[in-house]
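S.K.:
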Amino acid sequence: MGRGDMMKLSDELGKEEQLYKSLYQQCCGLWEKPVTDWNELVHRYHKAGIRKIPSEPPSRMGTVLTESDFFTENVKEVVCFNNLRYCPPFLHKLEFIKIVYIFRGSVTLYLDDEKYELQTGNFCIITPGVRHTVFSRHDEDVIINILMRVSSFANAFSGILMEQNILSDFFWKILYTKHSNRVLVFVCSNDVKLDRWVEKMFDESARQQNASNLLMKSYAMIFLGIVMREHLKELHLKEELTEEVYVLPAIIRFMRKNMKTITLDELSLQFHMSESELKRYIVRESGYTYRYLLRDLRLRRAAELLRNTKLSMERIMEETGYSNMNNFYRSFKEHLGKTPSEFRKSREEILI
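Each step along the sequence shown adds one to the number in the numbering used here, with nothing skipped, and position 142 is 146.
#1: Could you tell me how far apart the beta carbons of residue 105 and residue 150 are, in whole angstroms, since I believe they sit closer than 8 angstroms?
#2: Return the CA-CA distance between residue 92 and residue 58, expressed in angstroms with no decimal places.
#3: Answer yes or no: do residue 296 and residue 283 have a C-beta to C-beta separation smaller than 8 angstroms?
#4: By DSSP, does residue 110 sit in helix, in strand, or in coil?
#5: Verify whether the separation of the beta carbon atoms of residue 111 and residue 205 is less than 8 angstroms.
#6: Along the chain, where does the alpha helix (DSSP H) containing residue 118 start, and where does it finish?
#7: I'd like the span of the beta strand (DSSP E) that includes residue 82, first residue to last.
#8: In three-state terms, what does DSSP make of residue 315?
#9: Looking at the strands, I want to know which residues DSSP matches up with residue 152.
#10: From residue 242 to residue 349, what does the alpha carbon distance come to, in whole angstroms?
#11: Inspect the beta-carbon positions of residue 218 and residue 260 and report whether they are closer than 8 angstroms.
#12: Let's see if you can read the secondary structure: which residues bound the alpha helix (DSSP H) around residue 178?
#13: Give me, in chain order, the residues of the same chain whose beta-carbon lies closer than 6 angstroms to that of residue 61; leave out the 5 immediate sequence neighbours on both sides.
#14: Per DSSP, residue 115 forms a beta bridge with which residues?
#15: In three-state DSSP terms, what is residue 32?
#16: Can you pull the DSSP bridge partners for residue 230?
#17: Just confirm the distance between the C-beta atoms of residue 159 and residue 52, as a whole number of angstroms; I'd bet it's less than 8 angstroms.
#18: If you draw a straight line from the C-alpha of residue 34 to the C-alpha of residue 49, how long is it?
#19: Let me make sure I understand the geometry here. Which of 152, 190, 135, 116 has the alpha-carbon closest to that of residue 100?
#20: Alpha carbon to alpha carbon, what distance is there between residue 263 and residue 298?
#21: Can you tell which of 180, 32, 202 has the C-alpha that lies nearest to the C-alpha of residue 357?
#22: With a CB to CB cut of under 8 angstroms and the five nearest residues on each side skipped, what residues in its chain are close to residue 358?
#23: DSSP has residue 69 in a bridge; who is on the other side?
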């Protein structure tokens, strides 16, 4: 399935899309404002004197969509599929990261009471916890959803996080701060390079063959890399936050880079705060203590090395700042539910 298959999406509507289109055409005005659930839409139709509407939605709807709703296998970290045309705009929140890419046509993005019209080549990145919905009202629309797990994002996309720009800071805040409930909208002309990698993700997601997870992560990484290099100036909707919030991603990057030897004293000197000020700042912005944050960064890095290298346990401990084997094993199991040896063995048994 490649570009031809994606373009065929606009040739015919699926069963659910046909039903939604029929309902939409009966009374378009009832769809102008988002609904909270299917029952609200049914109520609108009944109030308008239209009784012929299913009591249950033809496709999945919910106020909160979880990772388990879409990521059915533990090894999957990226999923890609087309957004249903004419699906009612129902407001919901996510427990994962979603990119909505307008491959062809247009879509309306609703953020509570605000709405934005996105055209071919535009895309948006939506974080967990944001109440939103999208609505596509044309047969020719090809709107692609790219979903990424939050639970494994730091390991799967560590290269993205180590860049220094507004997009990498945005992802750091998703992982570690209280200020991640924002949306980034990119209003740019159609980029054939982005199209190409979206096509590859769409194709590979449908295949679900050996090495699909590895390829999906690689394609998503390249997509985000192109965005960082060529499209940051086309960021249309920026976070309305104080400059103080953007210090935390820099702190986290410094901690991750120097995790083997980092101390609170060194960190406070680097960012021109007293130790007590720094500790309060980290808790205020992230909800985590300095000690917890450092432990989390070290263990995420350890998991990454266990997954992707054959380094010895002693070398992994050295790379992540641990000097005591018992302490390392105990912390790892508390944090990830398995000992380092069990974690490495379980990853070896799973086909990528």
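Glycine included, each C-beta is placed from N, C-alpha and C at the ideal position. The structure presented is a predicted model; accordingly, all values stated were derived computationally and were not measured.
M.R.: Based on what the coordinates show:
#1: Residue 105 sits at position 101 when you count from the first residue of the sequence shown. Residue 150 sits at position 146 when you count from the first residue of the sequence shown. With a Cβ gap of about 6 angstroms, residue 105 and residue 150 count as contacting.
#2: In the sequence shown, residue 92 corresponds to position 88, counting from 1. In the sequence shown, residue 58 corresponds to position 54, counting from 1. So the two alpha carbons sit approximately 13 angstroms from each other.
#3: The sequence position of residue 296 within the sequence shown is 292, counting from 1. The sequence position of residue 283 within the sequence shown is 279, counting from 1. No, the pair does not count as a contact, with Cβ atoms beyond the cut-off.
#4: As a working mapping, residue 110 is identified with position 106 in the sequence shown. In the structure shown, residue 110 sits in a strand (DSSP, three-state: E or B).
#5: Position 107 of the sequence shown, counting from 1, holds the residue named residue 111. Position 201 of the sequence shown, counting from 1, holds the residue named residue 205. No, Cβ-Cβ distance for residue 111 and residue 205 is not below 8 angstroms.
#6: Here residue 118 refers to the residue found at position 114 when the sequence shown is read from its first residue. Looking at the DSSP string, residue 118 is not in any alpha helix (DSSP H); the run it does join, the beta strand (DSSP E), is 118–123.
#7: For the purposes of this step, residue 82 is taken as residue 78 along the sequence shown, with counting starting at 1. From DSSP, the beta strand (DSSP E) with residue 82 extends over 82–86.
#8: For the purposes of this step, residue 315 is taken as the residue at position 311 of the sequence shown. The answer is coil: DSSP assigns residue 315 none of H, G, I, E or B.
#9: For the purposes of this step, residue 152 is identified with residue 148 of the sequence shown, where counting begins at 1. In DSSP, residue 152 forms a bridge with 82, 101.
#10: For the purposes of this step, residue 242 is taken as residue 238 along the sequence shown, with counting starting at 1. For the purposes of this step, residue 349 is taken as residue 345 along the sequence shown, with counting starting at 1. Its pLDDT being 49, under 50, residue 242 is placed unreliably by the model, and nothing is read from it.
#11: Looking up residue 218 in the sequence shown gives position 214. Looking up residue 260 in the sequence shown gives position 256. No, these two residues do not count as a Cβ contact at 8 angstroms.
#12: Here residue 178 refers to the residue found at position 174 when the sequence shown is read from its first residue. Its alpha helix (DSSP H) spans residues 170–180.
#13: Here the question's residue 61 lines up with position 57 in the sequence shown. Same-chain partners within the cutoff: 42.
#14: Within the sequence shown, numbered from 1, the residue matching residue 115 stands at position 111. Beta bridge pairing from DSSP links residue 115 with 118.
#15: Indexing the sequence shown from 1 puts residue 32 at position 28. Correct three-state label for residue 32: helix.
#16: The residue given as residue 230 occupies position 226 in the sequence shown. Per DSSP, none; premise fails for residue 230.
#17: Translated into positions along the sequence shown, residue 159 becomes position 155. Translated into positions along the sequence shown, residue 52 becomes position 48. 50 angstroms between Cβ atoms; not a contact.
#18: Sequence index remark: in the sequence shown, residue 34 carries index 30 (1-based). Sequence index remark: in the sequence shown, residue 49 carries index 45 (1-based). Going from the Cα of residue 34 to the Cα of residue 49 covers about 7 angstroms.
#19: Translated into positions along the sequence shown, residue 100 becomes position 96. With distances taken between Cα atoms, residue 100 lies closest to 152.
#20: On the sequence shown, residue 298 is found 294 positions in, with the first residue counted as 1. On the sequence shown, residue 263 is found 259 positions in, with the first residue counted as 1. Roughly 7 angstroms between the two C-alpha positions.
#21: The shown model of the chain, from 5 to 356, leaves out residue 357, and the question about it has no answer.
#22: Residue 358 falls outside the range modelled here, since the chain spans only 5 to 356, and no answer is possible.
#23: Numbered from its first residue, the sequence shown carries residue 69 at position 65. 98.
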